[in-house]
Amino acid sequence: MAAPVSFGDAYLMGKLAWRLGRAFTKGRKSAPAEFREVEHQLYSLSMALCALKDAPASSGVDGDPVPHRTQPRRMGSEQTITVMLQSCEEILKHLATIVEKYSCIVEQRDPQVSRFRRWSRHIRISWKKIAWTTQGGDLASLRSQLTIHTNSLNLVLGVAINSQTNRVEDQVEEIAVMMREIHDWFSTTLRATTTAAVHAPAESFQDTSLTQPAPLPLCVFELFAVSSGGESDHVICRHAALHPKWKINPSQAAPQPLFICQCRENAREAPDQAHLARVAAYALSGLSFPVRLTGKERSWMLYKVTDLSNNRLISLIIKNIPLGDIPEFEECFVQRISINRAAAMLGRGISTMLAYCPTLTTETRLLNLIGDPRTIRESIESITFSFGESSYERTSIETVQLLHYKAVSVDRLRGGSETLTFHNSPCEIYLDVAEIAVFYADKDSTSAGDVTRTSIEWNRKVELSINKNDATIKMKNVRCRSSNDGQEQSDARNFDVTFHLTTTEAATQFFRKLEEMRMELFVIDLRYPRKDERTVLTLQANQVQSEIVHISDADITIVQNTNTMRFRLIIVSRNGCSILSQELAEDFLSSVNASGTRPNFASPTFLVQMESTGKREVYRFDRGFAYLDFVSAQADRLFGLGLATIAGNLPFRPIES
Numbered sequence: 001m002a003a004p005v006s007f008g009d010a011y012l013m014g015k016l017a018w019r020l021g022r023a024f025t026k027g028r029k030s031a032p033a034e035f036r037e038v039e040h041q042l043y044s045l046s047m048a049l050c051a052l053k054d055a056p057a058s059s060g061v062d063g064d065p066v067p068h069r070t071q072p073r074r075m076g077s078e079q080t081i082t083v084m085l086q087s088c089e090e091i092l093k094h095l096a097t098i099v100e101k102y103s104c105i106v107e108q109r110d111p112q113v114s115r116f117r118r119w120s121r122h123i124r125i126s127w128k129k130i131a132w133t134t135q136g137g138d139l140a141s142l143r144s145q146l147t148i149h150t151n152s153l154n155l156v157l158g159v160a161i162n163s164q165t166n167r168v169e170d171q172v173e174e175i176a177v178m179m180r181e182i183h184d185w186f187s188t189t190l191r192a193t194t195t196a197a198v199h200a201p202a203e204s205f206q207d208t209s210l211t212q213p214a215p216l217p218l219c220v221f222e223l224f225a226v227s228s229g230g231e232s233d234h235v236i237c238r239h240a241a242l243h244p245k246w247k248i249n250p251s252q253a254a255p256q257p258l259f260i261c262q263c264r265e266n267a268r269e270a271p272d273q274a275h276l277a278r279v280a281a282y283a284l285s286g287l288s289f290p291v292r293l294t295g296k297e298r299s300w301m302l303y304k305v306t307d308l309s310n311n312r313l314i315s316l317i318i319k320n321i322p323l324g325d326i327p328e329f330e331e332c333f334v335q336r337i338s339i340n341r342a343a344a345m346l347g348r349g350i351s352t353m354l355a356y357c358p359t360l361t362t363e364t365r366l367l368n369l370i371g372d373p374r375t376i377r378e379s380i381e382s383i384t385f386s387f388g389e390s391s392y393e394r395t396s397i398e399t400v401q402l403l404h405y406k407a408v409s410v411d412r413l414r415g416g417s418e419t420l421t422f423h424n425s426p427c428e429i430y431l432d433v434a435e436i437a438v439f440y441a442d443k444d445s446t447s448a449g450d451v452t453r454t455s456i457e458w459n460r461k462v463e464l465s466i467n468k469n470d471a472t473i474k475m476k477n478v479r480c481r482s483s484n485d486g487q488e489q490s491d492a493r494n495f496d497v498t499f500h501l502t503t504t505e506a507a508t509q510f511f512r513k514l515e516e517m518r519m520e521l522f523v524i525d526l527r528y529p530r531k532d533e534r535t536v537l538t539l540q541a542n543q544v545q546s547e548i549v550h551i552s553d554a555d556i557t558i559v560q561n562t563n564t565m566r567f568r569l570i571i572v573s574r575n576g577c578s579i580l581s582q583e584l585a586e587d588f589l590s591s592v593n594a595s596g597t598r599p600n601f602a603s604p605t606f607l608v609q610m611e612s613t614g615k616r617e618v619y620r621f622d623r624g625f626a627y628l629d630f631v632s633a634q635a636d637r638l639f640g641l642g643l644a645t646i647a648g649n650l651p652f653r654p655i656e657s
């Protein structure tokens, strides 16, 4: 790349990083498990590079090379970015040559589907012999260098966005000093990642067509068939796994089994042929859709799977997946199927509770969570809707569903499941409201055009109460949307809704399901930036620890409330098992600026933790924690530089209304 470097070059490199990430994604089944982390790092680097390309427009900074009118003292900042981008380009081009050399092009049966690259079959054996970096480093060195580039670019991006253009001249010296510190950290850390390694002569691999990729490591779980009414779910297999050759789309030939039995390998039992055939009797249909169930224990419902033994469509429940396998299962199975099926349905103009497009928006709503009120559906006698002194009661309740959606961009659906990157994709927004969908069995004959469905929308702060004496549950100040057979809708806010149930036991069960959904909304509120928050710092670290938690492979985010200007710290482990959220103290910025003192983390803190038992627990620490340390000195230094960008050394650019 010829100097000077423009921000447009960063965008081109971002596209290259994304294409390389896709190469690792498509070839993951035929490559070692270590490739998964490289894939994640490439996608993160791609987002950072693309964001850097848009930084000039958002901050008002000229995106072209340094203007002639710029004073010479500003050249240090531009040279810092140039060095970073040149180093980033160098490692990406080197990685591209490796992908080109050690992969093969796989032809698709469908001529309308693009060809893609997949690692050759010998990569699983010889990947340790490859020089993954320009300095001859191994795969760990590559991951480390990609992390360094991503963190450095995110930090530079924070400096660019948080600076006001009308005060740049007054702040230029401070910016130059900070950029030099970032450059010094970047150069020192990058040199430290080069590991000495002796590589065998590179082998000449032939590109061979792969009729079937090597299977992913087996993820063993419990499989149940959903029972109707109040009956318990029927156990199909206590040690089931995804079939190595399962397909996301139904086969035009014989249906491909979705599961296999692993009882012999895990329980040392010898299952009979009838059991093996029963487990293998399920296949995905065109209507199959996975969704997670609410509750402390992670479980998923697989909606409308084909039972090959009788050609019926049934729903299955998957439970007790090992914690370490949950991220892979959600990314490669749950999310890919949901994106694929949503794209297919909406492409045919079909909108259901599984996926639909709200009017006047460019997004799609995909079902993310579902409560399971099967045991109490027939126990709801009536529902009363109240507003002020007026009230309206509906009886003949046919069914009730507890639902939560995530918003996905239309562009992502157009690309189908192939555009899927990772769970925390910025293309996905988890809504901060849940929905109670009520369907009525018949119309009120005295009221023409009466509603057939009501959607009750509520957030985690709704006032929810139960009266066990009369078996009622009341929700205050909720939003109600109603529709009739003609799809005419009404939208009303600030309603009170009362559910009348037949027994105290049914009311208690329904209240527990509502509280489970409320807890899911609370966890989402802790994990992701809120509507009134903007991200001011994002970093990655191998290990982060305090006296209350030790998180490996963490994503660190600091967000700022656009109304109160307060900051919030979010730390999430890559596998999603640990989530730490703290509303930083009011004196946090002054504690950062104070010489010789640690930042003040003594604010109320929530920790969401998946325990070894498989259950999720939420802990509150009223006094927060005393310190936040990084095992890596380089990561600690970078975090300190990041805090300096938001600690008053640079002014914050106000959000435009």
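Sequential numbering from 1 applies to the sequence shown in UniProt numbering. Just so it is clear, CB atoms sit at the ideal spot from N, CA and C, and this is done for glycine as well. Keep in mind it's a predicted model, so treat the numbers as computed, not measured.
Notebook entry, point to check: Below 8 Å between beta carbons: does that hold for residue 438 and residue 397?
Noted result: Between residue 438 and residue 397, the gap from beta carbon to beta carbon is short of 8 Å.
Notebook entry, point to check: Roughly how many whole angstroms lie between the Cα atoms of residue 376 and residue 498?
Noted result: Rounded to whole angstroms, residue 376 to residue 498 spans 15 Å at the Cα level.
Notebook entry, point to check: On the three-state DSSP scale, how would you describe residue 542?
Noted result: Residue 542 falls in the strand class under three-state DSSP.
Item checked: Any 3 or more C-beta pairs closer than 8 Å across the region 287-297 and the region 367-383 -> Judged by Cβ distances under 8 Å, the region 287-297 makes contact with the region 367-383, as three or more pairs qualify.
Notebook entry, point to check: According to DSSP, which residues form a beta bridge with residue 629?
Noted result: The partner list for residue 629 (beta bridge, DSSP) reads 545.
Next item on the list: State the Cα-Cα distance for the pair residue 420 and residue 407, rounded to the nearest angstrom.
Entry: Residue placement at residue 420 is poorly supported in this model, since its pLDDT is 43, which falls under 50; the coordinates still yield a value, given next. For residue 420 and residue 407, the distance between alpha carbons rounds to 14 Å.
Note to self: Quick check: residue 640 and residue 537, are their CB atoms within less than 8 Å of each other?
What the structure shows: Going by C-beta atoms, residue 640 is not nearer than 8 Å to residue 537.
Next item on the list: Please work out which residues of its chain come closer than 6 Å, Cβ to Cβ, to residue 384, disregarding the five sequence neighbours upstream and downstream, and give them in chain order.
Entry: Taken in chain order, the residues that qualify are 391, 393, 498.
Next item on the list: Check whether the Cβ atoms of residue 283 and residue 244 sit closer than 8 Å, and answer yes or no.
Entry: Not a contact, by the Cβ cut-off of 8 Å.
Checklist line | For residue 326, the three-state DSSP class (helix, strand or coil) | finding: Looking at residue 326 - three-state DSSP - the assignment turns out to be helix.
Checklist line | residue 149 classed as buried or exposed, judged by whether at least 16 other C-beta atoms fall within 10 angstroms | finding: By the C-beta density criterion, residue 149 is buried, having at least 16 other C-beta atoms within 10 angstroms.
Next item on the list: Starting from residue 619, follow its DSSP beta bridges and name the residues at the other end.
Entry: According to DSSP, which records beta bridges pairwise, residue 619 is partnered with 607.
Note to self: Just to confirm the assignment: which complete beta strand (DSSP E) runs, minimum length 3, are found wholly within the region 236-318?
What the structure shows: With a minimum length of 3 residues, the continuous beta strand (DSSP E) runs that stay inside the region 236-318 are 259-261, 282-293, 299-307.
Item checked: Coil, strand or helix - residue 350 by DSSP -> Three-state DSSP puts residue 350 in coil, outside helix and strand.
Checklist line | Distance, residue 496 Cα to residue 142 Cα | finding: Going by the C-alpha atoms only, they are around 57 Å apart.
Margin query: I'd like to know whether the C-beta of residue 262 is nearer than 8 Å to at least one C-beta of chain D.
Written below: Note that chain D does not occur in the displayed structure, where there is just one protein chain.
Next item on the list: Answer with buried or exposed for residue 82, where buried requires no fewer than 16 other C-beta atoms within 10 angstroms of its C-beta.
Entry: That one is buried.
Next item on the list: Note down the Cα distance separating residue 614 from residue 638, rounded to an integer number of angstroms.
Entry: Linking residue 614 to residue 638 through their CA atoms gives a straight-line distance of about 34 Å.
Item checked: Proximal residues to residue 18 (C-beta, below 6 Å), its chain only, five neighbours per side dropped -> Excluding residues within five positions, the ones whose Cβ falls inside 6 Å are 46.
Note to self: I need the boundaries of the beta strand (DSSP E) containing residue 582, first residue and last residue.
What the structure shows: Looking at the DSSP string, the run of the beta strand (DSSP E) that includes residue 582 is 578-583.
Note to self: Cutting at 7 Å between CB atoms, please list the residues of its own chain near residue 320, excluding the five before and the five after it.
What the structure shows: Close CB contacts of residue 320 within its chain, under the 7 Å cut and outside five residues either way in sequence, are with 221, 222, 614 (chain order).
Next item on the list: Can you tell me which of 531, 568, 305 puts its alpha carbon nearest to the alpha carbon of residue 279?
Entry: For residue 279, the closest C-alpha among the options 531, 568, 305 is that of 305.
Checklist line | Residues of its chain near residue 324, where Cβ-Cβ distance is below 8 Å and the 5 sequence neighbours each way are ignored | finding: Hits under 8 Å: 575.
Notebook entry, point to check: In chain order, which continuous runs of the beta strand (DSSP E) of length 3 or greater are located wholly inside the region 454-508?
Noted result: Unbroken beta strand (DSSP E) runs of no fewer than 3 residues, entirely contained in the region 454-508, are found at 463-467, 472-483, 489-501, following chain order.
Check: Hey, how far is the Cα of residue 311 from the Cα of residue 577?
Finding: Our two residues, residue 311 and residue 577, have alpha carbons roughly 38 Å apart in a direct line.
Margin query: Less than 6 Å between C-beta atoms, sequence neighbours within five positions excluded: which residues of the same chain meet that for residue 94?
Written below: Within the same chain, residue 94 has close Cβ partners 134.
Next item on the list: Tell me where the beta strand (DSSP E) around residue 384 begins and ends.
Entry: Its beta strand (DSSP E) spans residues 380-387.
Check: Are the Cβ atoms of residue 379 and residue 472 separated by less than 8 Å?
Finding: Result no, Cβ atoms of residue 379 and residue 472 do not sit closer than 8 Å.
Checklist line | Distance between residue 463 and residue 403 (C-alpha atoms, nearest Å) | finding: In a straight line, the C-alpha of residue 403 is about 18 Å away from that of residue 463.
Check: Does DSSP classify residue 43 as helix, strand or coil?
Finding: Of the three classes helix, strand and coil, the one that applies to residue 43 here is helix, per DSSP.
Checklist line | Strand pairing of residue 587, partner residues [DSSP] | finding: As computed with DSSP, residue 587 is found in no beta bridge at all.
Notebook entry, point to check: Is the Cβ-Cβ distance between residue 605 and residue 630 less than 8 Å?
Noted result: Cβ distance not < 8 Å, so residue 605 and residue 630 don't count as in contact.
Item checked: Residues sharing a beta bridge with residue 149, DSSP -> According to DSSP, residue 149 bridges with nothing at all.
Next item on the list: Measure from the alpha carbon of residue 567 to the alpha carbon of each residue in 554, 316, 599, 138, then state which is nearest.
Entry: When each option's Cα is compared against that of residue 567, the closest is 599.
Notebook entry, point to check: Mapping DSSP to helix, strand and coil, what is residue 98?
Noted result: Here DSSP, grouped into helix, strand and coil, assigns residue 98 to helix.
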